[in-house]
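Data first, discussion second: the structure below is written as structure tokens.
In my numbering, the protein residues as written are 241 to 367.
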């Protein structure tokens with residue numbers, strides 16, 4: 241698959257038994273539907289928060305389309321204090337994270353910086 245941001249080919253990396261599409265050029269990440277719930281080890285909490293996200297407007301660029309269905313993605317805001325804006329397919333095919341946004345989202349859900357997922361992200365993306 242090509243990057244939604246810079247259009248360069250993405251590589252597939254495995255993190256915590258989840259295949260992540262990662263752009264070596266800009267650091268963008270695509271997660272297929274359901275993969276965020278697997279990475280964050282409290283699927284029920286993630287599903288609840290995904291349902292509660294403020295949504296309804298297109299991404300700022302207006303050009304990002306889901307690589308699966310080609311529909312325009314919506315921008316959603318996660319978090320109360322530390323807000324992160326990510327792009328989500330309106331048909332729930334997946335979520336797009338710009339550079340460092342996945343780590344920020346995981347931090348919102350998991351305050352333990354020594355968790356397995358935080359350690360893996362640091363190893364994979366040299367954070």
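Beta carbons are placed, not taken as given, at the ideal position from N, Cα and C, and that holds for glycine.
Just so you know, these numbers come straight off a predicted model, no measurement behind them.
Where residue i sits in the DSSP three-state scheme
i: residue 295; result: Residue placement at residue 295 cannot be trusted, given a pLDDT of 46 that sits under 50; the coordinates are not used to answer.
i: residue 258; result: strand
i: residue 276; result: helix
i: residue 327; result: strand
i: residue 244; result: coil
Which residues DSSP lists as bridging residue i, in chain order
i: residue 338; result: Per DSSP, none; premise fails for residue 338.
i: residue 305; result: 312
i: residue 271; result: 335
i: residue 368; result: Outside the shown range of the chain, which is 241 to 367, sits residue 368, and nothing can be said about it.
i: residue 252; result: 261
Whether residue i touches residue j by CB criterion (8 Å)
i: residue 260; j: residue 271; result: yes
i: residue 328; j: residue 346; result: no
i: residue 318; j: residue 348; result: yes
Any non-hydrogen atom of the ligand NAD within 7 Å of residue i CB
i: residue 270; result: As presented, the structure is devoid of all ligands, the ligand NAD included, so that no description of it is given.
**Message:** When you compare the region 315-333 with the region 259-271, are there three or more beta-carbon pairs, one atom per stretch, that lie closer than 8 Å?
**Reply:** no
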